[in-house]
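Q: When you read off a place in the sequence shown, starting at 1, and then add 732, the result is the number in our numbering.
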Amino acid sequence: MKLAGDHRVTAELLTAKSEQTSRIAPVPGSIPVPVGSLPTAVQGLPGLPATGNVTARYRVFDLGQRTSVNKSDLLHFTLGAEGTVLGWDYGASIVHSVSKSKIFNKGYPEQNALFTDVLFAGLLDPFVGPGQQTQGAIDALQGVLRNGYYNGGKSTLDMINAKVSREIMPMAGGALSIGLGANFGIEKNNNAPSPLAQGLNGEVRFGDEAAVIPYSAQRKVAGAFAELVAPVTKTIETSGAVRFDKYQGVGESTNGKVAVRWQPSSNVLLRGSIGTGFRAPTVKQVKSPEESFGVTSDQYDCSTNTALQQIATGLGAVCRPDGDQYDVFAGGNLNLKPEKSKQASFGIVLEPSQNLSFGADYWVVGIRDSFGQIPESEFFANPTKYASSFRTKLAGTGENYLAIFQGNANLGNSWNAGIDFNVIGRFDTALGGLTSQLTTTYMLRNRYQLLPGDAYFSSLGRFGEDTTVTFRIQGSGRIRSRCLKPGRTL
733 MKLAGDHRVT AELLTAKSEQ TSRIAPVPGS IPVPVGSLPT AVQGLPGLPA
783 TGNVTARYRV FDLGQRTSVN KSDLLHFTLG AEGTVLGWDY GASIVHSVSK
833 SKIFNKGYPE QNALFTDVLF AGLLDPFVGP GQQTQGAIDA LQGVLRNGYY
883 NGGKSTLDMI NAKVSREIMP MAGGALSIGL GANFGIEKNN NAPSPLAQGL
933 NGEVRFGDEA AVIPYSAQRK VAGAFAELVA PVTKTIETSG AVRFDKYQGV
983 GESTNGKVAV RWQPSSNVLL RGSIGTGFRA PTVKQVKSPE ESFGVTSDQY
1033 DCSTNTALQQ IATGLGAVCR PDGDQYDVFA GGNLNLKPEK SKQASFGIVL
1083 EPSQNLSFGA DYWVVGIRDS FGQIPESEFF ANPTKYASSF RTKLAGTGEN
1133 YLAIFQGNAN LGNSWNAGID FNVIGRFDTA LGGLTSQLTT TYMLRNRYQL
1183 LPGDAYFSSL GRFGEDTTVT FRIQGSGRIR SRCLKPGRTL
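(1) Of the residues Val741, Glu969, Gly931, Lys966, which one's Cα is nearest the Cα of Ile826?
(2) Among Tyr947, Asn1148, Val765, Leu1166, which has the Cα closest to the Cα of Phe1203?
(3) If you reduce the DSSP assignment to three classes, tell me which class Thr1221 lands in.
(4) Please list, in chain order, all residues of the same chain as Asp1238 whose beta carbon is under 7 Å from its beta carbon, the five residues on each side excluded.
(5) The beta strand (DSSP E) with Leu1040 in it runs from where to where?
(6) How long is the line joining the alpha carbons of Phe1153 and Ser1208, rounded to whole angstroms?
(7) Would you check if the region 1004-1019 and the region 1057-1073 touch, i.e. whether three or more CB-CB distances between them fall below 8 Å?
(8) Quick check on the DSSP output: the beta strand (DSSP E) that includes Asp871 runs from which residue to which?
(9) Tell me the residue span of the alpha helix (DSSP H) that contains Glu1110.
(10) Below 8 Å on the Cβ atoms is my guess for Pro963 versus Gly905; work out the distance and round it to an integer in Å.
(11) Grab the span of the alpha helix (DSSP H) containing Pro927 for me, first residue to last.
(12) So is Gly854 buried or exposed if we call it buried at 16+ other beta carbons inside 10 Å?
(13) Identify which residue in Tyr1180, Gln1057, Thr1036, Ser1146 has its Cα closest to the Cα of Lys1125.
(14) Starting from Gln1169, trace the beta strand (DSSP E) both ways and give me its first and last residue.
(15) Across which residues does DSSP place His808 in a beta bridge pair?
(16) Is the CB-CB distance between Asp805 and Pro862 below 9 Å?
(17) Do the CB positions of Ser897 and Leu912 come within less than 9 Å of each other?
(18) Classify Ile1205 as helix, strand or coil using the three-state DSSP reduction.
(19) Roughly how many angstroms separate the alpha carbons of Ile1205 and Gln874, rounded to a whole number?
(20) Whole beta strand (DSSP E) runs in the region 1059-1128 with 3 or more residues, listed along the chain?
(21) With distances taken Cα to Cα, identify the nearest neighbour of Ala914 among Gly1130, Met1175, Glu935, Met891.
(22) Looking only at its chain, what residues have a beta carbon closer than 6 Å to the beta carbon of Tyr1118, apart from the 5 residues adjacent to it on each side?
(23) Would you say Leu1068 reaches chain C, if we count a Cβ-Cβ gap shorter than 9 Å as a contact?
(24) Where do the N-terminal and C-terminal ends of the alpha helix (DSSP H) with Thr986 fall, by residue?
(25) Tell me where the alpha helix (DSSP H) around Ala773 begins and ends.
(26) Out of Arg993, Asp1054, Lys749, Ala924, state which residue places its alpha-carbon closest to the alpha-carbon of Ile945.
(27) Go to Val792, then tell me how far its alpha helix (DSSP H) extends in each direction, as first and last residue.
(28) Thinking C-beta only, is Gln797 closer than 9 Å to Ala757?
(29) Using three-state DSSP, classify Asp738 as helix, strand or coil.
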């Protein structure tokens, strides 16, 4: 909305909803089985006690697949104003953004009810295959299902932004310009697990004994920047910028950038830049509580690992049977440091005609103290080194098992380099104009450390040690049409 003079007000509203359904194998867990009820062939195995219970792994096939439905809602609102005052161009805005998520589960039984109402009641036979339970057992299993809302949370961002700019003095290639700006905001994050997720009244999902801890956290963020653009000559322009950021509880950082562009002719442009960067961890990465995070992706042996046995004994726990997966806990890290980076780029843009443009930019980025999790294999290969990262988890069958805490951490350094290609073509047709654009990145380098000071690895074109793949070629294309010519209909 245009106001008096050179002032106007702008508003933007974005709302979005998404829903994702995922299904995986029926839920597994541990069940206590009386020795006397074991099949004859199993009773002859060595090491079984004469009386009491043994622990068996059981997957509840007759309840079908575990299903999770993730629903997300986003609301983003911006109200801004811009114009000119006393020779300064200004812009200011307030931002309110809310993201909500809810997770609904299906196919998970409640553990105590499964034991009491089904297993101990003699209705469930854990030694028959899928589809071979009695109708009474199936009905009883359906009765202990806990379908519905399981966990969710909300993230909120409230931000105030302001910036001004103006020309300062004439130069050979134009006017020297300055830009100044600042921002202040509050970030909030919380989660609201269901009573089942929290383990209230001793109720938990079968196979998932750990409770989810509700939490709420927030922090203040602030920043300021200054930028100069200097057209040294008609063909050479330089620019420099500096920015200061401060994140409550994380720290502060000052970074800068210098750039140069040279356009010797109307159809050739050379450009380059060098600078530093800063990325603060999210509120959740810093302040989320320690909670269950599934199990290890691999299986590990304890019988031949004396150090691992000693750690388990010291925690009053026992190791998992050889070849079994271990429980994993994860959570925030109050000592997590921000990532810092250095980057540089150099490129060229060629425009042989108004209908064709070709650009290529070489870039390199180095990151220090990158965010991540220490690989699970490190805990079991060097248990003494990571003794403080071991935990215990009490199973529903009574065993207190050894587990690991794989929380957020600052890992080593990483280096990435590549070439960005950008091709734009413009075409006139009988109906109007078409613009096609192809943007492609060709990766030249991908190297990273999994631990500070450790060896470097690469995921370029392969499934790497960080369990990801960096594709050699990444790209996208799009076609955009302009309005139809006057008198034309489609």
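Beta carbons are placed, not taken as given, at the ideal position from N, Cα and C, and that holds for glycine.
A: In short:
(1) By one-based count along the sequence shown, residue 826 stands at place 94. Measuring C-alpha to C-alpha distances from Ile826 to each of Val741, Glu969, Gly931, Lys966 identifies Val741 as the nearest.
(2) Your numbering for residue 1203 matches position 471 in the sequence shown. From the listed residues Tyr947, Asn1148, Val765, Leu1166, the smallest Cα separation to Phe1203 is found for Asn1148.
(3) For the purposes of this step, residue 1221 is identified with residue 489 of the sequence shown, where counting begins at 1. A caution first: Thr1221 carries a pLDDT of 46, below 50, which makes its placement in the model unreliable, though a value can still be read off. Coil, per DSSP.
(4) Residue 1238 cannot be examined here, being either before or after the span of the chain that is shown, 733 to 1222.
(5) On the sequence shown, residue 1040 is found 308 positions in, with the first residue counted as 1. Counting along the chain, Leu1040 falls outside any beta strand (DSSP E), though it belongs to the alpha helix (DSSP H) covering 1038-1046.
(6) Translated into the one-based positions of the sequence shown, residue 1153 becomes position 421. Translated into the one-based positions of the sequence shown, residue 1208 becomes position 476. Using only the alpha carbons, I get a separation of about 11 Å.
(7) Using a Cβ-Cβ distance cut-off of 8 Å, the region 1057-1073 and the region 1004-1019 are in contact, since at least three pairs of beta carbons, one from each stretch, lie closer than that value.
(8) Start at 1 with the first residue of the sequence shown, and residue 871 comes out as number 139. No beta strand (DSSP E) contains Asp871, which is instead part of the alpha helix (DSSP H) from 867-875.
(9) Translated into the one-based positions of the sequence shown, residue 1110 becomes position 378. Per DSSP, Glu1110 belongs to the alpha helix (DSSP H) from 1108-1113.
(10) Against the sequence shown, residue 963 aligns to sequence position 231. Against the sequence shown, residue 905 aligns to sequence position 173. Contact flag correct, Cβ pair sits at about 3 Å.
(11) Numbered from 1 along the sequence shown, position 195 holds the residue referred to as residue 927. Run containing Pro927: 927-930, per the alpha helix (DSSP H) assignment.
(12) Locating residue 854 in the sequence shown gives position 122, counting from the first residue. Within a 10 Å sphere around the beta-carbon of Gly854 sit fewer than 16 other beta-carbons, which makes this residue exposed.
(13) The residue you call residue 1125 lines up with position 393 of the sequence shown. Out of Tyr1180, Gln1057, Thr1036, Ser1146, Gln1057 has the C-alpha closest to the C-alpha of Lys1125.
(14) For the purposes of this step, residue 1169 is taken as residue 437 along the sequence shown, with counting starting at 1. That run of the beta strand (DSSP E) goes 1164-1181.
(15) Along the sequence shown, read from residue 1 onward, the residue named residue 808 stands at position 76. When DSSP reads this structure, His808 sits in a beta bridge with Leu746, Ser829.
(16) Residue mapping note: residue 805 aligns to position 73 of the sequence shown, counting from 1. Residue mapping note: residue 862 aligns to position 130 of the sequence shown, counting from 1. For Asp805 and Pro862, no; Cβs fall outside 9 Å.
(17) Here the question's residue 897 lines up with position 165 in the sequence shown. Here the question's residue 912 lines up with position 180 in the sequence shown. Yes; because the gap between Cβ atoms is below 9 Å, this pair is in contact.
(18) As a position in the sequence shown, residue 1205 is number 473, starting the count at 1. Ile1205: strand per DSSP, three-state reduction.
(19) For the purposes of this step, residue 1205 is taken as the residue at position 473 of the sequence shown. For the purposes of this step, residue 874 is taken as the residue at position 142 of the sequence shown. C-alpha separation (whole angstroms): 49 Å.
(20) 1059-1062, 1071-1085, 1088-1100, 1122-1126
(21) For the purposes of this step, residue 914 is identified with residue 182 of the sequence shown, where counting begins at 1. Residue Met891 holds the alpha-carbon nearest to the alpha-carbon of Ala914 among Gly1130, Met1175, Glu935, Met891.
(22) Residue 1118 sits at position 386 when you count from the first residue of the sequence shown. Counting only Cβ-Cβ distances below 6 Å, and skipping sequence neighbours, we find Phe1111.
(23) Absent from the structure is chain C; it holds one protein chain and no more.
(24) By one-based count along the sequence shown, residue 986 stands at place 254. No alpha helix (DSSP H) contains Thr986, which is instead part of the beta strand (DSSP E) from 983-997.
(25) For the purposes of this step, residue 773 is taken as residue 41 along the sequence shown, with counting starting at 1. Ala773 -> alpha helix (DSSP H) spans 772-775.
(26) Numbered from its first residue, the sequence shown carries residue 945 at position 213. For the residues Arg993, Asp1054, Lys749, Ala924, the minimum Cα distance to Ile945 belongs to Ala924.
(27) Here residue 792 refers to the residue found at position 60 when the sequence shown is read from its first residue. Neither: Val792 is in no alpha helix (DSSP H) and is coded neither H nor E.
(28) Taking the first residue of the sequence shown as 1, we reach residue 757 at position 25. Taking the first residue of the sequence shown as 1, we reach residue 797 at position 65. A contact, by the Cβ cut-off of 9 Å.
(29) On the sequence shown, residue 738 is found 6 positions in, with the first residue counted as 1. Three-state result, Asp738: coil.
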